[in-house]
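Chains as they are written, first to last, in our numbering: chain B, 405 to 773; chain H, 12 to 266.
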Amino acid sequence: MSPFTVPDFSEFQALIHTPTSTDVEAVLARDKLHINDLATLLSPAASEMLPALAARSAVITGQRFGHTIQLYAPVYVSSFCANKCVYCGFSAENKIERRVLTLDEVEVEMNILADQGFNHILLVSGEAPAKVGVDYLAELARRTRARFAAITIEVQPLSTEEYRTLFEAGITGVAVYQETYDRGVYDAVHLSGNKADYDYRLKVPARVAEAGMREVGIGFLMGLADWRSEGFALGLHLQWLRKHFWRTNLTVSFPRMRPAEGAFDPPQPTGEKELTQLLLALRIFDHDVGLVLSTREEKRYRNGMIGLGPTRYSAGSCTAPGGYANPDLAGEQFSVGDHRDLQTVCDSIRKRGHDPVCKDWDATFQKGL
Amino acid sequence: MLKIADKTFRSRLFGGTGKFASSAVMNEALDASGSEMITVALRRVDLADPDDDIMSVLDRDKYWFLPNTAGARDAEEAIRLANLARAVGGTNWLKLEVTPDPRTLLPDPVETLKATELLVKDGFIVLPYMNADPILSLRLQDVGAATVMPLGAPIGTNQGVLMQSMIEIIIDQAQVPVVVDAGLGAPSHAAHAMEMGADAVLVNTAIAVAGDPVAMGRAFAMAVEAGRMAYEAGLGISGKSAAASSPEVGLGFLQ
Numbered sequence: 405m406s407p408f409t410v411p412d413f414s415e416f417q418a419l420i421h422t423p424t425s426t427d428v429e430a431v432l433a434r435d436k437l438h439i440n441d442l443a444t445l446l447s448p449a450a451s452e453m454l455p456a457l458a459a460r461s462a463v464i465t466g467q468r469f470g471h472t473i474q475l476y477a478p479v480y481v482s483s484f485c486a487n488k489c490v491y492c493g494f495s496a497e498n499k500i501e502r503r504v505l506t507l508d509e510v511e512v513e514m515n516i517l518a519d520q521g522f523n524h525i526l527l528v529s530g531e532a533p534a535k536v537g538v539d540y541l542a543e544l545a546r547r548t549r550a551r552f553a554a555i556t557i558e559v560q561p562l563s564t565e566e567y568r569t570l571f572e573a574g575i576t577g578v579a580v581y582q583e584t585y586d587r588g589v590y591d592a593v594h595l596s597g598n599k600a601d602y603d604y605r606l607k608v609p610a611r612v613a614e615a616g617m618r619e620v621g622i623g624f625l626m627g628l629a630d631w632r633s634e635g636f637a638l639g640l641h642l643q644w645l646r647k648h649f650w651r652t653n654l655t656v657s658f659p660r661m662r663p664a665e666g667a668f669d670p671p672q673p674t675g676e677k678e679l680t681q682l683l684l685a686l687r688i689f690d691h692d693v694g695l696v697l698s699t700r701e702e703k704r705y706r707n708g709m710i711g712l713g714p715t716r717y718s719a720g721s722c723t724a725p726g727g728y729a730n731p732d733l734a735g736e737q738f739s740v741g742d743h744r745d746l747q748t749v750c751d752s753i754r755k756r757g758h759d760p761v762c763k764d765w766d767a768t769f770q771k772g773l
Numbered sequence: 012m013l014k015i016a017d018k019t020f021r022s023r024l025f026g027g028t029g030k031f032a033s034s035a036v037m038n039e040a041l042d043a044s045g046s047e048m049i050t051v052a053l054r055r056v057d058l059a060d061p062d063d064d065i066m067s068v069l070d071r072d073k074y075w076f077l078p079n080t081a082g083a084r085d086a087e088e089a090i091r092l093a094n095l096a097r098a099v100g101g102t103n104w105l106k107l108e109v110t111p112d113p114r115t116l117l118p119d120p121v122e123t124l125k126a127t128e129l130l131v132k133d134g135f136i137v138l139p140y141m142n143a144d145p146i147l148s149l150r151l152q153d154v155g156a157a158t159v160m161p162l163g164a165p166i167g168t169n170q171g172v173l174m175q176s177m178i179e180i181i182i183d184q185a186q187v188p189v190v191v192d193a194g195l196g197a198p199s200h201a202a203h204a205m206e207m208g209a210d211a212v213l214v215n216t217a218i219a220v221a222g223d224p225v226a227m228g229r230a231f232a233m234a235v236e237a238g239r240m241a242y243e244a245g246l247g248i249s250g251k252s253a254a255a256s257s258p259e260v261g262l263g264f265l266q
């Protein structure tokens, strides 16, 4: 298996920039899409046709996922990080108070979320393997898995063997974002640390899938490079992963840059319109991919998008380690845009004719319970 | 009456609990469908929790619950889920779904056969979801499946009985009830399957995502009943050439 590679962005600019509204209409009328059709849906011509894209995306989403939205909450376990990434609140050079939670403290956080009704948990950590390594995560999974339907992680890249260990301990999936598929921009924003190696990071999702994880989440940070090109590169990545790992469930997240500690100004800021087009285009391109909309986005936007394409929402999120037990703690990775708790988000989902789903997996799927 | 294992069912329409806009709509639509057997995904329910949002809404005296193993990618996982259902849910009935490809959700024939054999030996009543493969159907029957559940078309596609030729053979050969599962998008599709001689159909998506799920549940109930009635009444042979309604053939040559 030859590894996934991203063509230079210049190679597909014509695909993105030449389509007309007639081309977009033709793509919207088709059932099976080619990767070039994704470029058409990401084109400036398609930007003028968002209502038509939304209509198509809504039908596909309803058919494939029904009138449901799955819910999850992140648990930040550590803000230590060895990487210098210019956009991130946890960047090694930022002067913030760092914390790593003990396993007992993480359990307290998780129990609070379980009491609120959460069944799907995402564990998040900066890259500091000595503090949050495989042993820590495996032990945490073993201790808590029986209480949750699924526990996924968003931590530093690990080896295939390490992912296998975590899967056996009860971790279900892994999210690992390329941040940007544009190599030049990638090098410019990742100043040092393991994360500075573009090619190394690009290979991680394949390792996760190879290790047998049920789910791999990919994405890029909106605001670093041209979002249309990033969307196309992401589509290539999705397509490649589907071809090589047909047993793996794939999801895409849409982290759009919001103010972080260190006051980084995104070089190519994106708005809700751009986010919407990207999300709808990916749904129309790939009917089965899970689309995750986090609390980075505001309540108004998240309410509006229910039923149009996203399949998974976070709720009540706190991005500072220990923040559920101690709400006044500082040191968050980024500030959230939607502060509503789980029940309020669920009510909004219901009000829009959808069923909030808090359990859509079971720890029994994996061995060792 | 339809008999599966030791249970009889008046309705030949089985329902599902996925994709509905709310538990209330689900409950009403299932009621309108007249279904007596409802399948629930073990990944979606907490059988140990009396307040579970799905289980608490449905009347346990009215419906026979058929837990399913949706999401299992091999026999081992499906068996673990089956044991959970039996231990916590107190039922040994199981809709076996082994679907390693999360995209198409097509059933794995090898793992399905393996799991069916082991589960039957362990005392489960197994209703396996399978591709419309007549030989696989016979193999599942041989190892003790209580029904066979061939797909009409890929799940969620609403394409109807695309696998007609194969399902005809399956029905012709089967000694256990044949339940056409997956892909039925309209009441006419369900009627078609029933006219072919299917013993029952299972419909979820088409009802759950309809504009009016309650009306659609009722429509499917009527179609299933009509299709079954037509099958029992004996359908005429269809063909390309027209036939007079009172055909006469001169037989003057007979002595």
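Ideal placement from N, C-alpha and C gives every residue a C-beta, glycine not left out.
| Asked | Found |
| --- | --- |
| Which word fits residue 135 of chain H, buried or exposed, when buried means at least 16 other C-beta atoms lie within 10 angstroms of its C-beta? | buried |
| Would a check of beta-carbon distances place residue 83 of chain H closer than 9 Å to chain B? | yes |
| Quick one: any contact between the region 178 to 189 of chain H and the region 204 to 211 of chain H, if contact means 3 or more CB pairs under 8 Å? | yes |
| Given residue 127 of chain H, which residues of its chain have a CB within under 8 Å of its CB, disregarding the five upstream and five downstream residues? | 107, 137, 139, 151, 154, 155, 156 |
| How many Å lie between residue 190 of chain H and residue 241 of chain H at the Cα? | 17 Å |
| Would you grab the beta carbon distance between residue 634 of chain B and residue 586 of chain B for me? Rounded to a whole angstrom, and I think it's under 8 Å. | 7 Å |
| In the DSSP assignment, the alpha helix (DSSP H) including residue 538 of chain B goes from what residue to what residue? | 538 to 548 |
| Would you call the region 602 to 614 of chain B in contact with the region 640 to 655 of chain B, where contact means no fewer than 3 C-beta pairs closer than 8 Å? | yes |
| To the nearest whole angstrom, what separates the beta carbons of residue 149 of chain H and residue 193 of chain H, a pair I think is in contact under 8 Å? | Actually they do not touch by this definition, with Cβ atoms about 20 Å apart. |
| Starting from the beta carbon of residue 587 of chain B, find every residue of chain H whose beta carbon is closer than 7 Å, and list them in chain order. | Result: empty, since nearest Cβ-Cβ is about 30 Å, beyond 7 Å. |
| Residue range of the alpha helix (DSSP H) that residue 48 of chain H falls in? | Looking at the DSSP string, residue 48 of chain H is not in any alpha helix (DSSP H); the run it does join, the beta strand (DSSP E), is 48 to 52. |
| In chain order, what residues of the same chain have a beta carbon less than 7 Å from the beta carbon of residue 588 of chain B, not counting five sequence neighbours either side? | none |
| Could one say the Cβ of residue 34 of chain H lies closer than 9 Å to chain B's Cβ atoms, at least one of them? | yes |
| Between residue 78 of chain H and chain B, is there a C-beta pair that is closer than 9 Å? | no |
| Please tell me whether residue 22 of chain H and residue 232 of chain H are closer than 9 Å, where the distance is taken between their beta carbons. | yes |
| Counting only Cβ pairs nearer than 8 Å, list the residues of chain B close to residue 53 of chain H. | 766, 768 |
| In chain B, what lies closer than 8 Å to residue 92 of chain H by C-beta? | 766, 768, 769 |
| Taking the alpha-carbon of residue 56 of chain H as reference, which of H:70, H:78, H:202, H:129 has the nearest alpha-carbon? | H:78 |
| Taking the alpha-carbon of residue 88 of chain H as reference, which of H:73, H:111, H:66, H:103 has the nearest alpha-carbon? | H:111 |
| Could you name the residues that DSSP lists as bridge partners for residue 409 of chain B? | Paired residue(s): none; residue 409 of chain B is not in a bridge. |
| Helix, strand or coil for residue 757 of chain B, going by three-state DSSP, please let me know. | coil |
| Among the candidates B:691, B:648, B:574, whose CA atom is the shortest distance from the CA of residue 460 of chain B? | B:691 |
| Which ranges does the beta strand (DSSP E) cover as unbroken runs of at least 3 residues, wholly within the region 114 to 182 of chain H, from first to last along the chain? | 136 to 141 |
| Please name the residue or residues paired with residue 13 of chain H in a DSSP beta bridge. | H:20 |
| In the DSSP output, which residue or residues are listed as bridge partners for residue 472 of chain B? | B:759 |
| For the alpha helix (DSSP H) containing residue 211 of chain H, list its first residue and its last residue. | Unbroken run through residue 211 of chain H is the beta strand (DSSP E), 211 to 214; no alpha helix (DSSP H). |
| Residue 723 of chain B versus chain H: which residues are under 8 Å apart at the beta carbon? | What residue 723 of chain B touches in chain H: nothing, since even the nearest Cβ is about 28 Å away. |
| So is residue 133 of chain H in contact with chain B if we call contact Cβ pairs under 9 Å? | no |
| What residues in its chain sit with their C-beta under 6 Å from that of residue 36 of chain H, if we drop five residues either side in the sequence? | 224 |
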